[in-house]
Amino acid sequence: MNKTELIEKIAASANLSKADAKKALDATTEAIKDALVAGDKVQLVGFGTFSTNERPAHEGMNPATKQKIQIPAKKVAKFKAGAELSDAVNK
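This is the structure in structure tokens:
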């Protein structure tokens, strides 16, 4: 499912226009992004939790040359599915 299809589903489920559904989806994703950038986590009970994780610097290997390279530390976004979502997917 792509963003356009998701907007259509939201519009149909919530009885909204596609424009309003797009605004709601954009506002939701922006709010989640802003919280993660600020170092907060977003918990949606029954759906899951969005958070960030620190990956330390480590040594890797260039697969083409087999030369060792240093991979810098970075933050990554993480999602952990909630129990209700996990149960729904595993039915």
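Take the sequence shown: its letter number 74 is residue 74 in full-length UniProt numbering, and every next letter is one higher. Every residue, glycine too, gets a C-beta built ideally from N, C-alpha and C. From a predicted model like this one, the values you see are computed outputs, not experimental measurements.
Legend entry - Rounded straight-line distance, which links the Cα of residue 83 to that of residue 33: Position 33 of the sequence shown, counting from 1, holds the residue named residue 33. Position 83 of the sequence shown, counting from 1, holds the residue named residue 83. Whole-angstrom Cα-Cα distance: 23 Å.
Inset, instruction - Would you list, in sequence order, the uninterrupted alpha helix (DSSP H) runs of no fewer than 4 residues that lie entirely inside the segment 3-58? - result: As far as the segment 3-58 is concerned, its whole alpha helix (DSSP H) runs of at least 4 residues are 3-14 and 18-37.
Inset, instruction - Give the secondary structure of residue 88 by DSSP, where H, G and I count as helix, E and B as strand, and everything else as coil. - result: In the sequence shown, residue 88 corresponds to position 88, counting from 1. Secondary structure of residue 88 (DSSP, three-state): helix.
Legend entry - In DSSP terms, what residue 70 is bridged to: Counting from one through the sequence shown, the residue named residue 70 turns up at place 70. Per DSSP, the beta bridge partners of residue 70 are 59.
Legend entry - Close Cβ partners of residue 67 (< 8 Å) along its chain, the five nearest in sequence each way excluded: Here residue 67 refers to the residue found at position 67 of the sequence shown. Closer than 8 Å at the Cβ level, and outside the excluded window around residue 67, lie 61.
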